[in-house]
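J.: Attaching a single structure in structure tokens format; questions to follow.
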Amino acid sequence: HRGANHLSVAEVLYNIAATEDFYGNAQKARELHAEALHIVQNHYGVGHIATGSNLLRLAKMHWGSNDKVALKYSSQALSVLRSHREVGDLEVLESIAIQLHCYRALKEDEKLDKFLDKEISYIQESTKVLKKTSMSPHLAFACSLLGDAYSLRQCCPQLRADAFETALKIYEKQNDLRSHMNLFRGLVEALKDRGDVLKLKTYVDIWGKTIEKEIKRSKDVVDQRLIQQRNEHVKYRSYVDGVMSKFQAALVETKLSEKSLNAQIMKQTCPDAKCTHAKVHSQAGNVYCDFCQREVKAGESSYGCRHCDFDSCKSCAIKQWDCVR
Numbered sequence: 001h002r003g004a005n006h007l008s009v010a011e012v013l014y015n016i017a018a019t020e021d022f023y024g025n026a027q028k029a030r031e032l033h034a035e036a037l038h039i040v041q042n043h044y045g046v047g048h049i050a051t052g053s054n055l056l057r058l059a060k061m062h063w064g065s066n067d068k069v070a071l072k073y074s075s076q077a078l079s080v081l082r083s084h085r086e087v088g089d090l091e092v093l094e095s096i097a098i099q100l101h102c103y104r105a106l107k108e109d110e111k112l113d114k115f116l117d118k119e120i121s122y123i124q125e126s127t128k129v130l131k132k133t134s135m136s137p138h139l140a141f142a143c144s145l146l147g148d149a150y151s152l153r154q155c156c157p158q159l160r161a162d163a164f165e166t167a168l169k170i171y172e173k174q175n176d177l178r179s180h181m182n183l184f185r186g187l188v189e190a191l192k193d194r195g196d197v198l199k200l201k202t203y204v205d206i207w208g209k210t211i212e213k214e215i216k217r218s219k220d221v222v223d224q225r226l227i228q229q230r231n232e233h234v235k236y237r238s239y240v241d242g243v244m245s246k247f248q249a250a251l252v253e254t255k256l257s258e259k260s261l262n263a264q265i266m267k268q269t270c271p272d273a274k275c276t277h278a279k280v281h282s283q284a285g286n287v288y289c290d291f292c293q294r295e296v297k298a299g300e301s302s303y304g305c306r307h308c309d310f311d312s313c314k315s316c317a318i319k320q321w322d323c324v325r
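Written out as structure tokens, the structure is:
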């Protein structure tokens, strides 16, 4: 009655594609989805928001099975959606996430670096905007994406840890940690680089409990993702046990409290050449260099990272941070 190119036909094709995907017929689902997308494009035009949303859906269907195709569709989706949506939009962030992971999977490092240069400020701005709203699931996704971007850039461990921890806390409130256990690895790596022994132990414990809870829930069903998570967790558990034994010995030797010793360890390990915070120049006195421990007197140049709470005299800054001259 309505013709092969009517929008209602596209809607039926989407529904059939979803059913095929549910029953494991992924290739058939992708073919039907592409056919539906063609109808939508013919009806609305290439630059319409409906076209952008459907390009994203198709990118998701190819993601993991054909990353080159997923990259193509997500790139097209991002171009369309960005022109219609405000900062912090979930579909725009999803398009960025797919491209990041596809570039990484395809080992296209140069293109990945250029893409990060272009998009990291958008992701940062999105997290700021979403923190002002009550859209917690969207904020969690934005923070996890920001954590991934910071990890790819090898940014300051504190920045990475903050992003992943915020995302995990939101998912924990929603009782949805099991769907986002991959974030634990990013957080634990950041805390390990940061030297935050106490938080590292806490989150490795939570990670382990979450895995065991899901294994009990799945009973006889073998879930390869859970097995992979457990194997990764075992490696970090072993590392943490070794660190904690040294930490306990240091507590006895220094007679410091746990928090004080932990703070000292973090101050020694956080800042490095990978820290992307602004290196603050100051003429203020009463500053001690965290590299050589020398006092930087009033009138002398000192450099530091306020986020990391770290200070350096000029000579150490030149050695440690190439950007300081």
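Residue numbers for the sequence shown, in my numbering: 1 to 325.
We put the CB at the ideal spot given by N, CA and C, even for glycine.
Since we're looking at a predicted model, the values are computed, not measured.
#1: Can you look up residue 296 in the DSSP assignment and give me helix, strand or coil?
#2: Would you call residue 217 buried or exposed, if buried means 16 or more other Cβ atoms sit within 10 Å of its Cβ?
#3: Less than 8 Å between the beta carbons of residue 34 and residue 71, yes or no?
#4: Pick out the complete alpha helix (DSSP H) segments inside the region 134-160, 4 residues or longer, and give them in chain order.
#5: Of the residues 95, 132 and 80, which one's Cα is nearest the Cα of residue 62?
#6: Hey, could you find the ends of the alpha helix (DSSP H) residue 67 is sitting in?
#7: Three or more C-beta pairs under 8 Å: does that hold for the region 106-113 against the region 83-95?
#8: Could you tell me whether the region 198-210 touches the region 232-249, using the rule of 3 or more Cβ pairs below 8 Å?
#9: At 4 residues or longer, and completely inside the region 151-214: list those alpha helix (DSSP H) runs for me, N to C.
#10: Any idea what DSSP makes of residue 16, helix, strand or coil?
#11: Out of 304, 287 and 144, which one is the CA nearest neighbour of residue 101?
#12: Enumerated in chain order, which unbroken segments of the alpha helix (DSSP H) with a length of 4 residues or greater are wholly contained in the region 88-130?
#13: Return the CA-CA distance between residue 263 and residue 196, expressed in angstroms with no decimal places.
#14: Tell me the residue span of the alpha helix (DSSP H) that contains residue 257.
#15: Check the DSSP bridge columns for residue 287 and list the partner residues they point to.
#16: Can you give me the Cβ contacts of residue 178 inside the same chain, cut-off strictly under 6 Å, excluding the 5 residues immediately before and after it?
#17: For residue 273, count neighbouring C-beta atoms within 10 Å of its own C-beta (all shown protein chains included) and say buried if the count is 16 or more, exposed if not.
#18: Please state if the CB of residue 237 and the CB of residue 204 are separated by a distance shorter than 8 Å.
#19: Cutting at 7 Å between CB atoms, please list the residues of its own chain near residue 116, excluding the five before and the five after it.
#20: Return the chain-ordered list of same chain residues with a C-beta closer than 8 Å to the C-beta of residue 30, the five sequence neighbours on each side being excluded.
#21: For the beta strand (DSSP E) containing residue 312, list its first residue and its last residue.
#22: I'd like the list of long-range same chain contacts for residue 76, defined as Cβ closer than 6 Å, with 5 residues on each side in sequence excluded.
#23: Could you say which of 157, 184 and 36 lies nearest to residue 230 if we only look at CA atoms?
#24: Which word fits residue 88, buried or exposed, when buried means at least 16 other C-beta atoms lie within 10 angstroms of its C-beta?
#25: Using a Cβ-Cβ cut-off of 8 Å (strictly less than) and excluding sequence neighbours within five positions of residue 83, which residues of its own chain qualify?
T.: If we stick to the structure as given:
#1: For the purposes of this step, residue 296 is identified with residue 296 of the sequence shown, where counting begins at 1. Here residue 296 sits in strand by DSSP.
#2: Walking along the sequence shown from the start, residue 217 turns up at place 217. By the C-beta density criterion, residue 217 is exposed, having fewer than 16 other C-beta atoms within 10 angstroms.
#3: The residue labelled residue 34 in the question sits at position 34 within the sequence shown. The residue labelled residue 71 in the question sits at position 71 within the sequence shown. No, these two residues do not count as a Cβ contact at 8 Å.
#4: Counting whole runs of 4 or more residues, the region 134-160 contains the alpha helix (DSSP H) stretches 136-152.
#5: Walking along the sequence shown from the start, residue 62 turns up at place 62. Check the Cα spacing between residue 62 and each of 95, 132 and 80: the tightest is with 95.
#6: Locating residue 67 in the sequence shown gives position 67, counting from the first residue. Under the DSSP assignment, residue 67 falls in the alpha helix (DSSP H) whose first and last residues are 67-82.
#7: Remark: fewer than three beta-carbon pairs, one from each stretch, lie closer than 8 Å, so the region 106-113 and the region 83-95 are not flagged as touching.
#8: The region 198-210, when compared against the region 232-249, does touch it at the 8 Å Cβ threshold.
#9: Note on the region 151-214: whole alpha helix (DSSP H) runs with a minimum of 4 residues are 157-173 and 182-194, in chain order.
#10: As a working mapping, residue 16 is identified with position 16 in the sequence shown. Assigned with DSSP and collapsed to three states, residue 16 falls in helix.
#11: To locate residue 101, count along the sequence shown from 1; it is residue 101. For residue 101, the closest C-alpha among the options 304, 287 and 144 is that of 144.
#12: Taken in chain order, the unbroken stretches of alpha helix (DSSP H) that lie wholly in the region 88-130 and span 4 residues or more are 90-105.
#13: On the sequence shown, position 263 is the one that residue 263 refers to. On the sequence shown, position 196 is the one that residue 196 refers to. Distance between the alpha carbons of residue 263 and residue 196: 8 Å.
#14: Along the sequence shown, read from residue 1 onward, the residue named residue 257 stands at position 257. Premise fails: residue 257 is in no alpha helix (DSSP H) and is neither H nor E.
#15: In the sequence shown, residue 287 corresponds to position 287, counting from 1. Answer by DSSP bridge pairing, in chain order: 296.
#16: In the sequence shown, residue 178 corresponds to position 178, counting from 1. Non-local beta-carbon contacts of residue 178 in its own chain, meaning distances under 6 Å to residues more than five positions away in sequence, involve 214 in chain order.
#17: Numbered from its first residue, the sequence shown carries residue 273 at position 273. Note that residue 273 has pLDDT 44, beneath the 50 cutoff, so the model's placement of it is unreliable and the number below is only indicative. Of the residues assessed, residue 273 falls on the exposed side of the cut-off, its CB having fewer than 16 other CB atoms within 10 angstroms.
#18: Taking the sequence shown and counting its residues from 1, one reaches residue 204 at position 204. Taking the sequence shown and counting its residues from 1, one reaches residue 237 at position 237. Contact: yes.
#19: Translated into the one-based positions of the sequence shown, residue 116 becomes position 116. Cβ within range, chain order: 149, 152 and 153.
#20: Here residue 30 is taken as the residue at index 30 of the sequence shown, counted from 1. Taking residue 30 as the centre and dropping the five residues before and after it, the same chain places the C-beta of 17, 58, 61 and 62 closer than 8 Å to its C-beta, in chain order.
#21: What you label residue 312 is simply residue 312 of the sequence shown in a count that begins at 1. Looking at the DSSP string, the run of the beta strand (DSSP E) that includes residue 312 is 310-313.
#22: Position 76 of the sequence shown, counting from 1, holds the residue named residue 76. Cβ within range, chain order: 55.
#23: Working through the sequence shown from its first residue, we reach residue 230 at position 230. Selected option, being the one with the closest Cα: 184.
#24: The sequence position of residue 88 within the sequence shown is 88, counting from 1. Classification for residue 88: buried.
#25: In the sequence shown, the residue the question calls residue 83 occupies position 83. Closer than 8 Å at the Cβ level, and outside the excluded window around residue 83, lie 47.
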